[in-house]
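> Positions in the sequence shown are counted from 1; adding 55 to them yields my numbering. Can you read through this structure? Questions will come right after.
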Amino acid sequence: MNSVALGASGLQVTPICLGTMTFGEQVNEASAHTILDRSLERGVNFIDAAEMYSVPAKAETCGATETIIGNWFAKHPGAREKLVVATKVAGPARGMPWMRPEVSKAGIIEACEGSLRRLQTDVIDLYQIHWPARNVPVFGAVYFDPAKDKPMPSVLEQLEALSGLVQAGKVRAVGLSNESPYGVHEFVRLAEQHGLPRVATVQNPYCLINRTYENGLDETCHRLGVSLLAYSPLGFGLLSGKYDETGLVGDHGRMAIYDSMKAQRWGRPEALAAAKRYNTLARDHGMTPSQLALAFCYRNPKVASTIIGVTSLAQLDECLDAWDTQLSPELLKAIDAIRWELRDPAQ
Numbered sequence: 056m057n058s059v060a061l062g063a064s065g066l067q068v069t070p071i072c073l074g075t076m077t078f079g080e081q082v083n084e085a086s087a088h089t090i091l092d093r094s095l096e097r098g099v100n101f102i103d104a105a106e107m108y109s110v111p112a113k114a115e116t117c118g119a120t121e122t123i124i125g126n127w128f129a130k131h132p133g134a135r136e137k138l139v140v141a142t143k144v145a146g147p148a149r150g151m152p153w154m155r156p157e158v159s160k161a162g163i164i165e166a167c168e169g170s171l172r173r174l175q176t177d178v179i180d181l182y183q184i185h186w187p188a189r190n191v192p193v194f195g196a197v198y199f200d201p202a203k204d205k206p207m208p209s210v211l212e213q214l215e216a217l218s219g220l221v222q223a224g225k226v227r228a229v230g231l232s233n234e235s236p237y238g239v240h241e242f243v244r245l246a247e248q249h250g251l252p253r254v255a256t257v258q259n260p261y262c263l264i265n266r267t268y269e270n271g272l273d274e275t276c277h278r279l280g281v282s283l284l285a286y287s288p289l290g291f292g293l294l295s296g297k298y299d300e301t302g303l304v305g306d307h308g309r310m311a312i313y314d315s316m317k318a319q320r321w322g323r324p325e326a327l328a329a330a331k332r333y334n335t336l337a338r339d340h341g342m343t344p345s346q347l348a349l350a351f352c353y354r355n356p357k358v359a360s361t362i363i364g365v366t367s368l369a370q371l372d373e374c375l376d377a378w379d380t381q382l383s384p385e386l387l388k389a390i391d392a393i394r395w396e397l398r399d400p401a402q
């Protein structure tokens, strides 16, 4: 895999990124360290975490993922220098009373200090705002409701906090997550106007059952030089085919295990129905559902790096091996035909 640039940040990363939100919940520390070992051995130089991980979010596991990664760094001198490390400051608490209520300047600085301690590192390569501070429809919400507006830290205040962290040498580059075209544009506009750090990336969902990034955010990011980090390329496992026969029941995968996840966008019946259509398409063309879904992101010019989440070495190897999968123009047309019919059920 050739490395790719993240915006104008100067960071060079592999087009596959290891997501780590399972570490500390579905994956214990020993297994997580084995996955990190294999990922590095296979050439992945990019890992992504967040202060609120692991997932599903719980007070007792908040920060567990970063702690596990930090302990791995402590056990492997020299590993930190080989990796681009990304993590995130949580947005305003969404059903998580143990998190700070808002993304203020002081809150961002406090969060960064905590992440640095847990990660056992002096600098975070890419520091992202996990979701917007302002009222915006995210995580499955479709419609903007102005009645939910309330006072909040401004974009400028957030940028000033991030700028202070960059100037202090604690952060190299900054990014956003779960953002809208307006949000990305506003962060870039104010950064340019006030001489503050320009966001390099936006980390948003992008997969066969959620291509909402293409509804205007793709053009915004292209014109502003902001790179997409695509998360949930397998649609929380729906696009792996594991739920095709059983549905979201049993003990084989997060969507079956956790009721809180079934209640989210990925648990909609329409999302599973659409995933089954894509999974059948993959099999009809002699590939696994995972190969089709991952190749759709891996080979997409809109995507800088695709974030994969795994719970075992076998899953990691399957995801990395899919890098060699190519999708023909005819298959891409068939994918678009399904999307035209079913749109984005996991929006």
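Quick reminder that beta carbons are idealized off the backbone N, C-alpha and C, glycines included. As the structure is a prediction and not an experimental result, all values here were calculated from the model.
Taking 8 angstroms as the threshold (C-beta atoms), are Leu263 and Gly290 in contact?
Yes; because the gap between Cβ atoms is below 8 angstroms, this pair is in contact.
> Lys388: buried (16+ other C-beta within 10 angstroms of its C-beta) or exposed?
exposed
> Should Thr361 go down as buried or exposed, given a rule of 16 or more other Cβ atoms within 10 Å for buried?
buried
> If we ignore side chains and look at the alpha-carbon of each, how far apart do Pro324 and Arg398 end up?
14 angstroms
> Using alpha carbons as the reference points, say which of Pro152, Leu303 and Pro147 lies closest to Asp204.
Pro147
> Out of curiosity, what's the CA-to-CA distance linking Ala119 and Val110?
10 angstroms
> Could you tell me which residues DSSP puts in a beta bridge with Gln381?
Per DSSP, none; premise fails for Gln381.
> Below 6 angstroms CB to CB, which residues in the same chain sit around Ala114 once its five sequence neighbours on both sides are set aside?
The residues Trp153, in chain order, have a CB closer than 6 angstroms to that of Ala114 in the same chain once the five nearest residues on each side in sequence are set aside.
> Cys276 by DSSP, collapsed to three states: which one?
helix
> Relative to the alpha-carbon of Val191, which residue among Asp200, His185, Ile184 and Thr267 has its alpha-carbon at the smallest distance?
Asp200
> Would you list the residues sitting across from Gly364 in a DSSP beta bridge?
Gly74
> Using the rule of at least 16 other Cβ atoms within 10 Å of the residue's Cβ for burial, across every protein chain shown, is Trp395 buried or exposed?
Exposed is the call here.
> For Thr380, tell me which candidate among Leu371, Pro400, Asp391 and Tyr353 has the shortest Cα-Cα distance.
Tyr353
> Compute the Euclidean distance between the alpha carbons of Thr335 and Gly302, then round it to the nearest angstrom.
15 angstroms
> Nearest CA to the CA of Thr176: which residue from Gly133, Ala85, Ser86 and Ala330?
Gly133
> Run through DSSP, which three-state label would Gly230 get?
In the three-state reduction of the DSSP assignment, Gly230 falls in the strand class.
> Which residue comes first and which comes last in the alpha helix (DSSP H) that contains Leu217?
Val210 to Gln222
> Inspect the CB distances between the stretch 339-348 and the stretch 361-380 and report whether three or more fall short of 8 angstroms.
yes
> Anyone know if the C-beta pair for Glu106 and Val144 falls short of 8 angstroms?
yes
> Is the beta carbon of Leu231 sitting closer than 8 angstroms to the one on Ile184?
At the C-beta level, Leu231 and Ile184 come within 8 angstroms of one another.
> Ala216 to Arg244, Cα distance in whole Å?
Here the C-alpha atom of Ala216 lies approximately 16 angstroms from the C-alpha atom of Arg244.
> Under a Cβ-count criterion, where at least 16 other Cβ atoms within 10 Å of its own Cβ denotes burial, should Val197 be classed as buried or exposed?
exposed
> Does DSSP put Gln370 in a helix, a strand or coil?
helix
> What's the gap between the Cα of Ala112 and the Cα of Gln248?
37 angstroms
> Is Asn126 helix, strand or coil by DSSP?
Note: Asn126 maps to helix in three-state DSSP.
> Is it true that the stretch 252-266 meets the stretch 232-239, where meeting means three or more beta-carbon pairs spaced less than 8 angstroms apart?
With contact defined as three or more Cβ pairs closer than 8 angstroms, the stretch 252-266 and the stretch 232-239 are in contact.
> Could you spell out the range, first to last residue, of the alpha helix (DSSP H) harbouring Ile164?
Lys160 to Leu174
> If I'm right that Tyr108 touches Met76 with Cβ under 8 angstroms, what's the distance once you round it to whole angstroms?
5 angstroms
> Cβ of Leu211 within 8 angstroms of Cβ of Pro252?
With contacts defined as CB atoms closer than 8 angstroms, Leu211 and Pro252 fail to qualify as a contacting pair.
> Who are Gln258's beta bridge partners in DSSP?
The partner list for Gln258 (beta bridge, DSSP) reads Ser232 and Leu284.
> Between which two residues does the alpha helix (DSSP H) holding Gln346 run?
Gln346 -> alpha helix (DSSP H) spans Pro344 to Tyr353.
> Count Cβ pairs between the stretch 302-313 and the stretch 219-230 that sit closer than 8 angstroms; are there 3 or more?
no
> Can you list, in chain order, the residues of its chain with a C-beta nearer than 7 angstroms to that of Met56? Leave out the 5 residues immediately preceding and following it.
Taken in chain order, the residues that qualify are Thr69, Pro70, Ile71, Gly98 and Trp378.
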